[in-house]
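Numbering (my numbering), first residue to last: 1 to 133.
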């Protein structure tokens, strides 16, 4: 056995006291530990990506999510759903876009006797008005 292991085994109360003191010190300073989740804090302020991020944040009020709305008297027409699907595809192809959610790209969540089933909310857009209802 090494000297260190002999000290630990011969003085278990002393060892436990040292461990408790170290734990108490860590516990005391733990609330002061900060967590930074803002991506801008990891780059210099004049970095091109940070400047672009700041522009997007200024234009849209935030840079995490950008909402694009489509208005129509009746969204559930073949033409409107086709336009929405095309817009969804175009937005998905933009570099830097992580995810696009729309009626044509979202899943329908349904409960069944086997559990939860996910299926496209709108699969193939039907041209028949009755099928759209």
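In this text, a Cβ means the ideal position worked out from N, Cα and C, and glycines have one as well.
Can you name the start and end residues of the alpha helix (DSSP H) that residue i belongs to?
| i | result |
| --- | --- |
| residue 107 | Careful: residue 107 lies outside any alpha helix (DSSP H), inside the beta strand (DSSP E) at 107-112. |
| residue 69 | No alpha helix (DSSP H) holds residue 69; DSSP gives it neither H nor E. |
| residue 84 | 78-92 |
| residue 30 | From DSSP, residue 30 is part of no alpha helix (DSSP H); its letter is neither H nor E. |
| residue 37 | Residue 37 -> no alpha helix (DSSP H), and no H or E assigned at all. |
| residue 48 | 48-60 |
| residue 9 | 3-10 |
Spatial neighbours of residue i within its chain, please: C-beta separation below 6 Å, excluding the five flanking residues on both sides.
| i | result |
| --- | --- |
| residue 8 | 15 |
What residue does the beta strand (DSSP E) around residue i start on, and which one ends it?
| i | result |
| --- | --- |
| residue 119 | 115-120 |
Leaving aside the five residues before and after residue i along the sequence, list all residues of the same chain whose C-beta is less than 7 Å from its C-beta, in chain order.
| i | result |
| --- | --- |
| residue 125 | 78, 81, 82 and 85 |
Report all residues from its chain with a CB closer than 8 Å to the CB of residue i; omit the five preceding and five following residues, and keep chain order.
| i | result |
| --- | --- |
| residue 49 | 43 |
| residue 103 | 75, 81, 84, 121 and 122 |
| residue 88 | 100, 102, 104 and 105 |
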